[in-house]
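These protein sequences, in sequence, are chains A and B.
The first sequence begins at 1 in our numbering and counts up one residue at a time.
The second sequence begins at 1 in our numbering and counts up one residue at a time.
Take a look at the structure below.
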Amino acid sequence: MRTVLFTILISLILSPAFAQITISGTVKDRQQHPLPGASISIEHTYYGATAGENGAFSFTAPLSGPAKIVISITGYYPYEQMIAPDKSPVEIQAVLRERISELKAVTITAGSFEASDKKRTSILKSVDIVTTAGQQADIVAALKTLPGAQQVGETEGLFVRGGSGSETRVFIDGLMVNNPFFSNVPDIAQRGRFSPLLFKGTNFSSGGYSAQYGQGLSSALQLESQDLPSRTESNWIISSAQLSVTGQKLYKSGKSSIGGSVTYSNLAPYFGVVPQKVSYPKAPEIINSEFFARRKTKNGMLKLYGYAGYNTIAFSKPAIGNEQWQQQFRLFNNNAYTNITYNGKLNSAWKWYAGGSISLNKDDVRVKVMAGDTLKSHFSPQPENLTTQAKTVFTRSLGTGLNKLYIGAEWQYMRDHIFAEDSIPSLTIKDHYTAAFAETDIYLSASFTTRLGVRWEYSGLLGQGAVSPRASLAWKIDGRQQVSAAYGDFCQKPETNYLFRNQQLLFGKATHYILNYMYQANDRLLRVEAFYKGYHRLVTYPVGKPALLSSDGSGYAQGFEVFWRDKRSIRGFDYWISYSYLDTKRQYLDYPFKVQPGFAATHTASVVAKKYVAPVSTYISTTYTFASGRPYYNPNRPLQMFMQDRTIDYHTLGLQLNYLTQFRNVYAVFIFNMSNVIGNQQIYTWRFAGDKGADGLYRGEAVTPMAKRFFFIGCYLSMGMDRRKTFID
Amino acid sequence: MTILFISLFVCTRMSAQTAHPFISTMETQLKTLDTASTGATLMTLANTFERIGKTEKNRWEPYYYAAFCYAMMTAGSPDKSRIDVLADKAEGYLNDATVIDANNSEVNALRAWVLYMRVSVDPMARWQTIGREAAGYLERSKAQDPSNPRPYYIEGRTKLRVPEGLGGGAEAALASVNTSLEKFAAFKPASTIAPNWGKQPAERFQRDLNAKISNK
């Protein structure tokens, strides 16, 4: 006992003397704003304090030697200072430098609509794509409720700001998809090939997009595929139109998954119940299957996707101007698409992306005009496309990590072949397309950023190169408002149809100028955007002489758009309104002079409203869309009146009910969807007979939907393997 | 004897600047936490727990309570847009706690609670992803310590906000809360500083649920 006491005594004597020191001061940012809540600590001790409302703090601590004071708060770089024990009181005036975090930093919003669950500036959530009424869970259809997109109902594709459908490019995980929609069928818009459930994020650019993407004069639609599933599960879709089953297995390691799907779709039973405008000897039928695999590696993620599909359709209708003749259309399509991408870190500074894809598309089209059993004319084109591409991007983080440099390159090989018995000889064109790009994201502060990029492209077929500068910037005025601007040149090869006939054509070119204002606070969002777009080197030819193709066309588009989304004002009620004003004229194809093209409406507006009704566990969504009349040419009028006629205004009201339920571990959504609830007359455009009738006039026919209303009834089932077991294991 | 001498000497020297009685300091702070109501108090406490956590390299409790303070701030945040920021901070501390103790039922229960608060920012968009992840942590928490009442209490709280058609509603919530109260009755915290919160709120919640059901 005595020894112990002695020991303690000795050790106390030997211990250095503690000096009770008072440490006080203030914590502020560079603008001298106090930082309440900042944590002040003496490293490796409990001693410390928290800054008060005015950023001030004061505390005492016993010190025996030099010590390090660390001051930290979220969003700022920590502040460190050494203090000596022989000086009291210690006064610290800490100025903390702001850390530009992804969450707080401004992002470029000009021209861009983000649909993701992570990003702050998202306009839509991924779930909005499947729950927007009247869209039958089609990605492009849901995006048509956003400003900038036209309500073109007779052709698939996104028609953006005075641009045609072919001017919008679709990318999956950075790779261009050549046939994102089912093959064109005259006057019936086709759906997208890919299910929205495959993607976790959608970025729809209505202009001014990044130099990492090219070959779209108007717009880029970037789809980002899902990562690893959260569990092993199977999903079923059983509906009036299709039967689909998807299975995904998540391996025990939680780092790999594998899955596949099979879909069979046939509209014959539906057409049997709901009469259609034309007769279908073969109602649309689709068989496709998919394969996906994911692997999380130490530093990145590897994704593999494969798709193979077959579809067919045949319809017949009276020929315009000669009603006793039948015009028959039949399509067989085979499509295969596969891509593989890797995205990961090389080291602390560099990230690497690499991707490759192969796609094959074969159409077999048979158009016949029959007078009774007599064949009057026929056209049977058989186009075939093979696209192979590879792309790589290196990303270097600079400084604080948000500043980035992207450099990358892209290569595409496209082989197109066409043959039509009695009309088109066997033609093949091949193009080696190469592109290289560099882009920087530079944050001058957390509230001001610039993106400067340049893209070089070369087409071997055209024997032509192009350099396209891109630039955008964004300035955050305060926590709620920001202004963003974008400029860029965009190049695109002429469409294959024209390249078959003439390989001397030039890259079409568009120049975009965009100014954007955004206000965002408390579940309310206002976005206003103005733009000007110049078109150069569009494909054109003299009326009636399609052999004389040239790149002498040009045009412009200008206008403004407003988007308002509000999830707050009415509890549990979510709505958005978009309005687009468009002024556009172009001379292209056989337009004799600059006119407003047939796919462009001056005014377009949408109202989407959603509400979850808890007592009946039902999600109700309605969409009302309006578009002013679109131009068409009536050949009974003089050529000076080209495209001067207008269709009637377009109105449609869609309704969707989703009833959500769960039994055991099956999560189910029953879906009822109906288009054109009110039954408005809808005319997309007019078609005219090729020859004058007996009265000396060209007979015309309105292009309308195939039925007044479209109904969809279905259910989505998700069955998960119970994960409880995995955890206990 | 010499060894004792040297070791005592060394110990005293080493802890010259860090001579803090861990348990008693924690107990004092936890007393403050019991009555903490304002954001500023919770922030101050979180900072204190963080300092203790950084000093005591192998105790998960300080980080757990730092995260708990942020969870309380998240729950009390009237501004939805702040929830993710606060939850990020809470999850950061939970990650620190997980590094020290990877299979802790309490840490996983708290993580589930934080994730459920993230779901509340945008239930339609987040239920399928974050909600599912949260449910996974609850199951893990239950499996790791079947006597822990808190995962059942958190589950009950969550179920009330889920529509009946999806396995939620007042009755489903009551079932979970009843289970949690059975477990609370038998629950003995492992130490004076081990988590021991939730019994009274669970009882209040049970009363509210019973009232709600009988008013139906």
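Glycine included, every Cβ here is placed at the ideal spot set by N, Cα and C.
- Membership of residue 87 of chain B in any beta strand (DSSP E) is not indicated; the residue belongs instead to the alpha helix (DSSP H) covering 80-100.
- Interface flag for residue 37 of chain A against chain B is set, since a Cβ pair is found closer than 8 Å.
- Just so you know, the alpha carbons of residue 276 of chain A and residue 130 of chain A end up roughly 26 Å apart.
- Straight across, the Cα-Cα distance linking residue 163 of chain A with residue 685 of chain A is about 17 Å.
- Non-local C-beta neighbours of residue 485 of chain A in its own chain, meaning closer than 6 Å and more than five positions away in sequence, comprise 110, 473, 515, ordered along the chain.
- Within chain A, 39, 41, 45, 46, 47, 48 have C-beta atoms less than 8 Å from the C-beta of residue 51 of chain B, given in sequence order.
- Chain A places no beta carbon closer than 8 Å to that of residue 101 of chain B, leaving this residue out of the contacts.
- Any Cβ of chain A closer than 8 Å to the Cβ of residue 78 of chain B would place that residue at the interface, and such an atom is absent.
- Here residue 462 of chain A really is in contact with residue 505 of chain A; their C-beta atoms are around 7 Å apart, less than 8 Å.
- DSSP links residue 584 of chain A through a beta bridge to A:557.
- Residue 395 of chain A is outside the set of residues whose beta carbon lies under 8 Å from a beta carbon in chain B.
- Spanning the alpha carbons of residue 155 of chain A and residue 91 of chain B requires a straight line of approximately 48 Å.
- From the listed residues A:508, A:313, A:578, the smallest Cα separation to residue 459 of chain A is found for A:508.
- Remark: C-beta atoms of residue 359 of chain A and residue 178 of chain A approach each other more closely than 8 Å.
- Contact annotation for residue 105 of chain A against chain B: no contact, minimum CB-CB distance about 14 Å [criterion: below 8 Å].
- Each residue's CA atom was taken as its position, placing residue 384 of chain A and residue 421 of chain A some 15 Å apart.
- Not flagged as an interface residue toward chain A: residue 208 of chain B, since no C-beta distance is shorter than 8 Å.
- Pairwise C-beta distances place the region 135-155 of chain B in contact with the region 95-113 of chain B, as three or more of them are shorter than 8 Å.
- Under the 8 Å criterion on CB atoms, residue 31 of chain B is classed as non-interfacial with respect to chain A.
- Taken atom to atom, the span from the alpha-carbon of residue 225 of chain A to that of residue 219 of chain A is near 19 Å.
- Runs of beta strand (DSSP E) with 3 or more residues, each lying fully within the region 119-190 of chain A, are found at 168-172, 175-177, listed in chain order.
- When the beta-carbon positions are compared, residue 18 of chain A and residue 62 of chain A come within less than 8 Å of each other.
- Taking 7 Å as the cut-off between beta carbons, the residues of the region 648-673 of chain A near chain B are 660, 661, 662, in sequence order.
- In the three-state scheme derived from DSSP, where H, G and I count as helix and E and B as strand, residue 665 of chain A is classed as coil.
- Around the CB of residue 621 of chain A, 16 or more other CB atoms lie within 10 Å, so the residue is classed as buried.
- Listed by position along chain A, the residues whose Cβ is nearer than 8 Å to that of residue 132 of chain B are 230, 231.
- Here residue 493 of chain A carries a coil assignment [DSSP, helix/strand/coil].
- Excluding the 5 residues flanking it on each side, residue 61 of chain B has same chain C-beta neighbours closer than 6 Å at 193, in chain order.
- When DSSP states are grouped into helix, strand and coil, residue 37 of chain A belongs to the coil group.
- Residues of chain B with a Cβ closer than 8 Å to the Cβ of residue 252 of chain A do not exist, since the nearest Cβ in that chain sits about 14 Å away.
- In the DSSP assignment, residue 174 of chain B falls within the unbroken alpha helix (DSSP H) covering 170-186.
- Residues of chain B with a Cβ closer than 7 Å to the Cβ of residue 614 of chain A are, in chain order, 163.
- Residue 60 of chain B: not part of any beta strand (DSSP E); DSSP gives it neither H nor E.
- Chain A has a Cβ within less than 8 Å of the Cβ of residue 122 of chain B.
- Contact residues of the region 523-544 of chain A toward chain B are 523 (C-beta to C-beta distance below 9 Å).
- Within the model, the alpha-carbon separation for residue 555 of chain A versus residue 510 of chain A is close to 9 Å.
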